[in-house]
Amino acid sequence: LTSNQWYHVTYVYDRSSLRQTVYLNGIHDGSRVTSGPYKGTASVLTVGAIPSFDERFITNNGFIDKLTFVPRVKTSAELLDEATLVAYYPFDNSYTDLGSNQIINSTSVSTMFDSSGRFNQSLLINSTNLSYFQTTGFYYLGQTNYPYSFSLWIYPFVNDGTILQVSSSNGWCVPMIGFDISGRLTIQTMGTNGIYAASLTSETLPLNEWTHVIMTYSTINGIQLFINGTFMVGNNTVTSYSASGQISTITIGTCPSPDTCAVNTTTIVPSQFQGKIDELKIFARELSLSDIGQLAQAPSLYSSGPSSFWQFDNNTLDSISNLNGVGVNSPGYVVPGITGSGYALNLIKNNTQYVTIAANQIFANTSFTVEMWIYPTSLSDIFYGLFSQHEASGKNRLLHLILRYQRLYMGFFSDDLTGGTAVSTTFTWYHVAFVYDYRSRTQIVYLNGYQDGLRTPAGPYLGNLGAINIGTFFDSANITQPFSGYIDQVSLTKRAKSASEILDDATLTTWHSFDSIPLQDSGPLELIVTTNDVTLATGKVNQALNFNLNSSYYQIQRFVLLGISNYAYSIALWIKRTSTGGGTLVHLSTQTDGLEWCVTLLGFRSTGEIVATNWDYYGKEVVGPVIPINVWTHVASTFSTINGLRFYINGIYSGTTGVMNYGAAQQAIILTLGNPMAGGSCNSSSI
148 LTSNQWYHVT YVYDRSSLRQ TVYLNGIHDG SRVTSGPYKG TASVLTVGAI PSFDERFITN
208 NGFIDKLTFV PRVKTSAELL DEATLVAYYP FDNSYTDLGS NQIINSTSVS TMFDSSGRFN
268 QSLLINSTNL SYFQTTGFYY LGQTNYPYSF SLWIYPFVND GTILQVSSSN GWCVPMIGFD
328 ISGRLTIQTM GTNGIYAASL TSETLPLNEW THVIMTYSTI NGIQLFINGT FMVGNNTVTS
388 YSASGQISTI TIGTCPSPDT CAVNTTTIVP SQFQGKIDEL KIFARELSLS DIGQLAQAPS
448 LYSSGPSSFW QFDNNTLDSI SNLNGVGVNS PGYVVPGITG SGYALNLIKN NTQYVTIAAN
508 QIFANTSFTV EMWIYPTSLS DIFYGLFSQH EASGKNRLLH LILRYQRLYM GFFSDDLTGG
568 TAVSTTFTWY HVAFVYDYRS RTQIVYLNGY QDGLRTPAGP YLGNLGAINI GTFFDSANIT
628 QPFSGYIDQV SLTKRAKSAS EILDDATLTT WHSFDSIPLQ DSGPLELIVT TNDVTLATGK
688 VNQALNFNLN SSYYQIQRFV LLGISNYAYS IALWIKRTST GGGTLVHLST QTDGLEWCVT
748 LLGFRSTGEI VATNWDYYGK EVVGPVIPIN VWTHVASTFS TINGLRFYIN GIYSGTTGVM
808 NYGAAQQAII LTLGNPMAGG SCNSSSI
């Protein structure tokens, strides 16, 4: 950190995973897993000083504001908004800022609320004279080169006037969103040498209908304009922002002082806007493309799937783009892979085995995400290649996604990121992800769905040539550094995936919506499904699966991680009973007939109580309430060695076994819904 600058800092402790995480300005800045929970019981909190061991205090100089404590783990999305969503005005019959800062210094002149907003009500500006909404208290907009974004819905009656202006008490003033003299939507800001702008080139906005508008600024991309989620125009010939150095004021609807505001330099006409404004959001960050799609109600714009997918089911084919690979030095395959039923690539480092893909894939000056499952069998060397492209040994021209000293390493050559967590050879699969966000020039690595390192600014990667190699990389001396172990389900996505997407890819093992025939797994692993005597019926969400015969079942195979002792898991589903008494909801086994190693995880007692169990070489259970018939109820059971088995009914904690282990089969598991099959006498506790 540097002095004389405000920062938003967050400290998070997750008791369930023993993970400490710190965030700086809403961005993950570091994490680690502790050896145990915090055990302090002191009744005094100290703010602004650090107690030392000899009962003195180490004090600090500076300002502290808006200190909050919440007895739960906040999500990364919540923390990003708290740090960077500076203000949020929904204009629902109120001028109140509903953002976390709750800015109260606002005023309005000759404005009203309209009942036909984009969402609920909106701000109506329908005067040819002075009419505006004004709010004051924006620190970051007064800081030179600090990124910012504006998001709002507009409903123009005419294509004329100033929509959003930023000003300060020292006379600094810039209309930032509005219309030029030809009625074209325009954005502009103040650079080192004066105002610079970007206008729509060939069209004007439609009148009397809602349009979503976003303006973003950063020193990397300059100013950019997005309409309904789509990038339209920008200006990056100048990327500076010469701010006022003071607290800023935002005015919506006009330029109150046209005779003194950016005189003879503004492209936006400093006059009265007429129309409606809704859902105004001011951010102290450059919005990501994913953010922009969500705000514009067009998430599909920036949510494309993989462009290539190598499943390694006894071959090296790309099932999406035909970027098929060739095995070098005869790599083998093992069964099962991470899907439990297919194969995985088996590489032996001493045999210099890997897969090469000759087809050229451009990674230069673009965003991308590479994900895969790995199972290391040896980590005695320094380097183990996972995914690479070697154009040259110059800076930003050697893409190498590898393990280095047992940690994830995302390298462009002399422009690299090291992860913080060491992997091991403890007979375990790991999900690894490497993300490069070209828009923000950020490298990120994830291990098992959790961010393990971040570096910015980084790149961009500049290599345009070279084969893709899976399972090795060629170092700067052109020496190959192969992997040793198994690799499965390698995907390449030509965009920067979000943290929530990566977490789902790593931990959402299976997902079944039961909305249509054929019934299938919509999760990332696409596990095999077998059914018998089940039909579709009206569900809690769209359709549901109906079990109405003794022979009805829905079977999913196979779960590799669920077969590993003490591996954490969660199972969640909606249920609606149509009769009382006992019954099986979730049954695990190693055979399709429900036998061999087997345990019933969820079900009902004969007296109607719902029960969650877990197997620790003998059964332990949590008994819930009697579930009413013909009512949809949400049930979830979770397990970790820290918390044991926990049971939730309709999102409410119901009970726990306390600390316990999970004694699994040490092989891939089959999950059967609605029927124990022949395993009715398996370890079912009181179910």
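Numbers 148 to 834, taken from my numbering, label the letters of the sequence shown in order.
Backbone N, C-alpha and C define an ideal beta-carbon position, used for all residues, glycine too.
Query, Result
"Indicate whether the contact test is met: 3 or more Cβ pairs, each with one atom in the segment 220-232 and one in the segment 173-192, closer than 8 Å.", "yes"
"Under DSSP, the beta strand (DSSP E) around D635 begins and ends at which residues?", "632-640"
"Using C-beta distances below 8 Å, list every residue in its chain close to R705, excluding the 5 sequence neighbours before and after it, in chain order.", "P483, T486, G487, S488, L674, I675, A815, I816, I817"
"Curious, which full-length beta strand (DSSP E) runs of at least 3 residues does the segment 423-509 contain?", "455-457, 473-475, 479-481, 491-494, 501-504"
"Based on Cα-Cα distance, which residue from W300, N808, E350 lies nearest to A443?", "W300"
"With C-beta atoms as the reference, is F530 less than 9 Å away from V517?", "no"
"Under 8 Å: do the segment 636-644 and the segment 500-516 share three or more Cβ pairs, one atom per stretch?", "yes"
"Is the segment 587-598 in contact with the segment 490-497, if contact means three or more CB pairs nearer than 8 Å?", "no"
"When every heavy atom of the ligand NAD is checked, does at least one fall within less than 8 Å of the C-beta of G195?", "The ligand NAD is not among the ligands present in this structure, which contains no ligands whatsoever."
"Look up Q312 in the DSSP assignment and give the residues it is bridged to.", "P322, T398"
"Between the alpha carbons of S657 and Q667, how many angstroms are there, rounded?", "In the sequence as presented, Ser is not what sits at residue 657; that position holds Thr. Near 10 Å, if we compare the C-alpha coordinates of Q667 and T657."
"Where does A569 land, buried or exposed, given buried means 16+ other C-beta within 10 angstroms?", "exposed"
"Using the C-alpha atoms, what's the distance from S247 back to Y287?", "15 Å"
"Just the C-alpha distance for T351 and T398, rounded to the nearest angstrom, thanks.", "23 Å"
"Kindly confirm or deny that the segment 294-308 and the segment 458-467 touch, where touching means at least three C-beta pairs closer than 8 Å.", "no"
"Mark I156 as exposed unless 16 or more other C-beta atoms lie within 10 angstroms of its C-beta, in which case mark it buried.", "In the sequence as displayed, the identity of residue 156 is Val instead of Ile. It is exposed - the Cβ of V156 has fewer than 16 other Cβ atoms within 10 Å."
"Evaluate T412 with the Cβ neighbour count: other Cβ atoms within 10 Å of its Cβ, from every protein chain shown; 16 or more gives buried, anything less gives exposed.", "exposed"
"Candidates M379, Y295, F378: which alpha carbon is nearest Y388's?", "Y295"
"Select from I703, W319, P446, D528 the residue whose C-alpha is nearest the C-alpha of G632.", "D528"
"Along the chain, where does the alpha helix (DSSP H) containing L546 start, and where does it finish?", "First-last for L546: 545-551, but that is the beta strand (DSSP E), not the alpha helix (DSSP H)."
"Answer yes or no: do V473 and T503 have a C-beta to C-beta separation smaller than 9 Å?", "yes"
"Can you list the beta strand (DSSP E) stretches of 3 or more residues lying completely in the segment 672-714, in chain order?", "675-679, 681-685, 690-694, 700-706"
"Label N822 either buried or exposed according to how many other C-beta atoms from any shown protein chain fall within 10 Å of its C-beta, with 16 as the threshold for buried.", "buried"
"Can you tell me where the beta strand (DSSP E) with T124 in it begins and where it stops?", "Lying before the first or after the last residue shown, residue 124 is absent from the chain, which here runs from 148 to 834."
"What would DSSP say about S298, mapped onto helix, strand or coil?", "strand"
"Tell me whether the segment 418-429 and the segment 329-344 touch, counting them as touching only if at least three CB pairs, one residue from each stretch, are closer than 8 Å.", "no"
"Taking a contact to mean a Cβ-Cβ separation below 9 Å, would you say I429 touches F297 in this structure?", "yes"
"Let me check one thing: in DSSP terms, what residues is H781 bridge-paired to?", "W721"
"Going by DSSP, what residue range makes up the beta strand (DSSP E) through L555?", "554-558"
"Under the rule that 16 or more other beta-carbon atoms within 10 Å means buried, what is L612, buried or exposed?", "exposed"
"According to DSSP, R116 sits in a beta bridge with which residue or residues?", "Look at the range of the chain in this structure, 148 to 834, and you will see that residue 116 is not part of it."
"Work out the CA separation of P775 and V782 for me, nearest whole Å.", "13 Å"
"Reducing DSSP to helix, strand and coil, say where G289 ends up.", "helix"
"Tell me whether Q312 is buried or exposed, calling it buried when 16 or more other Cβ atoms sit within 10 Å of its Cβ.", "buried"
"Just mark P478 as buried or exposed, buried being the case when its beta carbon has 16 or more other beta carbons within 10 Å.", "buried"
"Would DSSP call A643 helix, strand or coil?", "coil"
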